[in-house]
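Presented below is the structure to which this report refers.
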Amino acid sequence: MGISNQTAQDKTNFKSELFQMLRLNVQTYTILLALIGIWVIFFITTKGTYLAPQNISNLFRQMSVTAFLAAGMVLVIVTGNIDLSVGKLAGFVSVVAAYLQANLWYKYLPDQPLLSAVLTVVVSLSVGSLFGALQGYIISYLRVPSFIVTLGGQWLLTGLILVVTAGKTIPANQPWFSDIAQGYVPITWGWIFGIVVIGFLFWNMFRSRQNKRKHGFELQNIYIDLLAVIFSSLIILVYVYNVNSYKGIQNPVLLLAITAMIMIYVSNNTRFGRYSYAIGGNRDAARLSGISISGMVFNIFVLMGFLSGVGGVVLASYVGYGTTAAGAGYELDAIASCILGGTSTLGGIGTIQGAMIGALIIASLSTGLQMMNVAPAWQYVLKAIVLVLAVLADVYFKKNR
Amino acid sequence: MDNDIILEFKNVTKKFPGVVALNDVSFKIRRGEIHGICGENGAGKSTLMKILSGVYPHDTYEGSVIFNGEELRLGDSAIKEAGNKGIAIVYQELTLVPTMSVGENVFLGREPLERGAINWNKLYADTREILTRYQLDVSPQVTVKNLGVGKMQMVEIAKALSEKASILILDEPTSALSETEIDKLMDILGILKNNGITCIYITHKLDELFRVTDHVTVLRDGKEIVTEETKALTQEKLVSYMVGREMKERFPKSNRTPGDIVFKVENLHALDPNETSRKVLSGINFDVRKGEILGIAGLMGAGRTELVMTLFGEYGQIVNGKIILNGKEIMPANARQAIDAGLSLVPEDRKGMGLVLIQSILKNISLPNLDQFAGFFRIDADAELKASMEQSKSLTIKAPTLQVAVETLSGGNQQKVVISKWLLSKPVVLIMDDPTRGIDVGAKYEIYKLMNDLAKNGVAIIMISSDLEEVLGMSDRVMVMCSGRSTTTLSVAEATVERVMSLATGMSS
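Protein chains in written order, with this note's numbering: chain A, 1 to 401; chain B, 402 to 910.
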């Protein structure tokens with residue numbers, strides 16, 4: 001194939017194309033660099049314990065609840081809406097899940113831990129989805145702005161949490177239920193899972209190149225594609241190796257990874273995703289193109305409610321309790337994750353991948369600062385600075401592109 | 402002698418990475434004249450204006466601009482500087498704050514102060530003074546959003562002039578105006594000229610150049626092609642300068658014989674959905690044949706856009722009447738139903754309603770047609786790409802790939818994307834609301850040819866246009882609207898400018 005005599009030319013192309021790719025995707029890379037920077041700083045200041053298996057394990061589990069919320073929030077913001085109720089909704093769901101176990105299953109389904117766990121999950125997810133549907137209905141069909149509806153929703157849920165808990169903490173620690181967020185994927189399965197994902201990344205790259213060639217599109221230098229895939233694969237391998245040397249991949253992280261992949265697929269490869277971005281990009285053009293705006297917005301709020309339900313289940317299972325303060329402030333973490341990940345507050349732009357990295361950054365900051373015993377007051381100050389700086393860098397790079 | 406020259410461009414070259422936007426442009430503008438600048442989109446008109454207004458500071462281009470005998474050296478915060486020197490600009494898009502009064506808009510950012518507080522009496526008195534000096538017929542206190550587009554344009558001019566301007570640049574000022582409003586604007590330009598103000602008039606509309614300008618400069622591909630006295634030019638000559646080739650006819654000829662009636666509207670009455678006491682359509686009757694272009698003429702506010710939006714299920718509340726497509730009565734309640742029935746609508750406001758500007762050509766073309774390629778779980782990316790590619794090829798959309806965002810395209814190419822998207826849905830009736838608004842002569846010609854081809858292939862086309870010549874040049878028959886009613890349908894042979902205007906103004910029926 002004449003590969004050897006092409007190598008010299010390929011090398012120069014490779015350099016310029018790599019540079020161009022970095023320039024065009026500067027936003028994705030700023031956020032990745034910020035994440036790596038944060039990790040390096042904490043690695044140094046904690047003398048290495050920050051990246052120790054046990055801590056990495058905790059870090060990813062800590063981000064998971066916010067990340068479930070952020071995965072739904074991206075589409076909410078992309079369509080030009082906002083949801084301020086998701087934190088309290090996850091909290092409410094976690095309280096309901098606890099209440100069911102402590103007060104109902106205990107009486108009516110004694111010694112049936114699997115069945116009661118399944119029922120708990122089903123009821124929890126339904127509660128989340130129904131609440132999402134209620135809010136979605138008011139927003140899309142009765143045309144009340146989402147900011148107002150979901151602010152009201154937040155207050156309502158705060159009240160409902162107090163009603164259900166009666167101000168007390170309820171245990172949620174039935175065996176199967178606890179495994180949802182406290183369990184680990186067996187080590188061999190962790191490896192298998194990691195390798196399957198890596199295999200998928202390679203397959204996907206080659207398929208997309210093949211498709212482009214079929215349509216006569218210009219192909220990116222193969223080394224750049226390979227570099228990107230190898231880099232991602234390395235991260236996965238390091239992660240799996242790291243957590244496997246502790247107890248393995250945590251169940252909620254696996255669940256999050258699957259959810260994120262589904263959401264990425266939905267946002268890129270389905271009508272539902274395409275319509276969401278079109279609505280956010282230009283509402284009128286979308287409407288005249290035959291898209292039912294009300295229907296879409298309603299569905300997105302139902303989806304958001306469902307994902308809040310998932311977050312609530314993970315929260316209850318992980319903490320082992322339903323408390324009056326459950327989920328407080330999570331909505332802002334979720335929104336911040338989206339914004340850090342490049343979601344535009346004006347609508348029409350934003351990716352699930354970005355929001356996931358955003359959520360990881362926020363969790364990384366929190367755990368790192370906690371490990372360093374930074375006073376809570378300063379934790380807030382530092383988080384504020386990172387958030388605003390990250391968006392500032394983004395604005396700056398966009399202007400200079 | 403040089404006193405006669407207010408502004409001179411000397412060998413101005415402006416380069417962007419990969420493109421030379423202006424290539425060694427030199428010409429002079431005389432004091433007190435109206436100087437027209439025309440050229441296709443991308444010819445360099447707006448780059449030229451951005452240099453004058455200071456959007457591009459003086460060290461970012463080569464060559465020099467001489468204003469009143471000295472070189473114009475605008476620095477970094479130049480937009481205000483340009484204003485202080487007496488260069489005033491009225492932009493194509495209106496820049497008024499709709500919720501504020503005329504006076505507030507005119508003095509926005511320069512409110513007369515008295516001990517730190519705004520002196521409202523002075524503000525309104527000064528506004529009235531400017532308005533009366535140039536015979537602009539607007540009241541200073543009225544809120545801008547209650548004005549029509551024509552009056553808004555006047556406010557825009559007053560705002561620019563209140564900076565003691567000696568030179569006024571108007572960038573495509575008539576693209577949203579009706580015929581009568583354009584007449585009024587032409588009068589105002591005359592008044593400005595009598596007051597000693599130099600005007601630079603940028604436009605696509607050639608007849609306006611001939612009506613008001615003293616000299617015309619033609620730009621093409623960043624080069625100055627010619628600067629000539631308007632009297633010495635003809636329309637054909639001007640067009641050939643602009644497109645670089647002879648263009649015998651403004652409208653391409655086509656031989657077609659329309660078939661049977663496919664679309665019919667009978668006695669349609671509809672209410673304004675936001676204010677149901679107001680009737681927007683009161684008695685519309687017309688029909689369109691297969692392979693026919695039906696033009697809809699009428700003045701601004703006659704209800705033309707309201708009519709087509711109502712037919713498309715997205716505006717008026719229908720209280721009476723029938724819409725018949727292929728012999729079946731339809732009553733679209735929204736765009737989806739209209740599309741599924743076989744209608745397509747190229748909307749009036751290309752950027753506001755036709756396109757998702759931040760998205761790619763591909764995504765825009767496929768947006769209303771995803772059902773063709775997608776089930777619930779998956780979009781068939783190959784099929785989508787193939788269909789969009791075919792459309793973009795047959796309409797010759799000029800873009801590096803289908804992946805580029807439509808906001809980076811020129812107006813003509815953007816309009817082709819809108820048309821592509823609506824052709825892909827294989828319409829029986831294609832409704833086009835002012836399809837050539839704000840696009841250059843070359844692209845217009847291509848769109849006319851495309852319309853002829855479509856008609857030949859059996860599509861029924863309904864075309865609205867505020868350019869009467871265009872309606873008469875393209876249509877087989879013309880339906881004239883006047884205050885929400887269809888007056889009559891004329892064959893193109895019967896339709897003369899005078900006849901149509903008298904119907905549109907309600908002087909005859």
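Virtual Cβ for every residue (Gly too), placed ideally from N, Cα, C. What you are looking at is a predicted structure, and each value in this text was computed from that prediction instead of being measured.
Put simply, the region 155-166 of chain A does not touch the region 106-122 of chain A. Fewer than three CB pairs are less than 8 Å apart. With 16 or more neighbouring CB atoms inside 10 Å of its own CB, Lys446(B) falls in the buried class.
In the three-state reduction of the DSSP assignment, Ile452(B) falls in the helix class, which pools H, G and I. Contact of Arg432(B) with chain A by beta-carbon distance below 7 Å is absent, the smallest such distance being about 39 Å. For His616(B), the number of other beta carbons within 10 angstroms of its own is at least 16, and it is reported as buried. Taken through DSSP and simplified to helix, strand or coil, Ile407(B) comes out as strand. Remark: C-beta atoms of Gln760(B) and Tyr277(A) approach each other more closely than 8 Å. If you draw a straight line from the Cα of Ser344(A) to the Cα of Gly350(A), it comes to about 6 Å. Distance from the CA atom of Ser308(A) to the CA atom of Thr158(A), rounded to whole angstroms, is 15 Å. No Cβ-Cβ contact shorter than 8 Å links Leu669(B) with Gly743(B).
Residues of chain A whose Cβ lies closer than 8 Å to the Cβ of Glu715(B) are, in chain order, Arg287, Leu288.
Close partners of Ser364(A) in chain B (Cβ separation under 9 Å) are lacking, with about 31 Å as the shortest Cβ gap. Only residues of its own chain outside the window of five on either side were considered, and among them Phe774, Ala775 have a CB closer than 8 Å to the CB of Asp781(B), listed in chain order.
For the pair Val747(B) and Gly755(B), the CB atoms are nearer than the 8 Å cut-off.
The C-alpha of Ile798(B) is placed about 20 Å away from the C-alpha of Phe652(B).
Residue burial is scored here from C-beta neighbours: Pro769(B) has at least 16 other C-beta atoms within 10 angstroms and is therefore classed as buried. Here the alpha carbons of Ile300(A) and Ala133(A) stand approximately 9 Å from one another. Distance between Trp39(A) and Asn520(B), taken at the CA atoms: about 58 Å.
In this structure, Leu495(B) lies away from Ala483(B), with their beta-carbon atoms at least 8 Å apart.
Residue burial annotation: Gln804(B) is exposed, with fewer than 16 other C-beta atoms found within 10 angstroms of its C-beta.
Chain order gives the chain B residues near Asn282(A) as Lys752, Gly753, Met754, Gly755, Leu756, Val757, Leu758, Ile759, Gln760, where near means a beta carbon separation below 9 Å. Between the region 279-295 of chain A and the region 320-338 of chain A, the count of C-beta pairs closer than 8 Å stays below three; the two stretches do not touch. Residue-level contact by beta carbon holds for Asn269(A) and chain B, with a gap shorter than 8 Å. When the five nearest sequence neighbours on each side are left out, the beta carbons in the same chain lying within less than 8 Å of the beta carbon of Leu130(A) are those of Gly305, in order along the chain. For Lys822(B), the closest C-alpha among the options Ile840(B), Ser795(B), Tyr846(B) is that of Ser795(B).
Out of Glu512(B), Ile490(B), Met882(B), the CA that lies nearest to the CA of Ser683(B) is found in Met882(B).
Against chain A, the beta carbon of Leu771(B) has neighbours under 7 Å at Arg271, Arg274, listed in chain order. Flagged as an interface residue toward chain B: Ala278(A), by a C-beta distance shorter than 8 Å.
When Glu693(B), Gln738(B), Met732(B) are compared, the shortest CA-CA separation from Ser289(A) is found for Gln738(B). Under the DSSP assignment, Lys729(B) falls in the beta strand (DSSP E) whose first and last residues are 729-731. Of all residues in the region 788-803 of chain B, the ones placed with a Cβ closer than 8 Å to any Cβ belonging to chain A are Met790, Thr802, in chain order. Distances from the alpha-carbon of Lys565(B) to those of Pro674(B), Ala489(B), Asp854(B) put Ala489(B) closest. The straight-line gap separating the alpha-carbon atoms of Glu808(B) and Pro145(A) is approximately 28 Å. The beta-carbon of Lys764(B) is placed less than 8 Å from the nearest beta-carbon of chain A. With 16 or more neighbouring CB atoms inside 10 Å of its own CB, Phe42(A) falls in the buried class.
Going by beta carbons, Asp841(B) and Glu441(B) fall inside the 8 Å limit.
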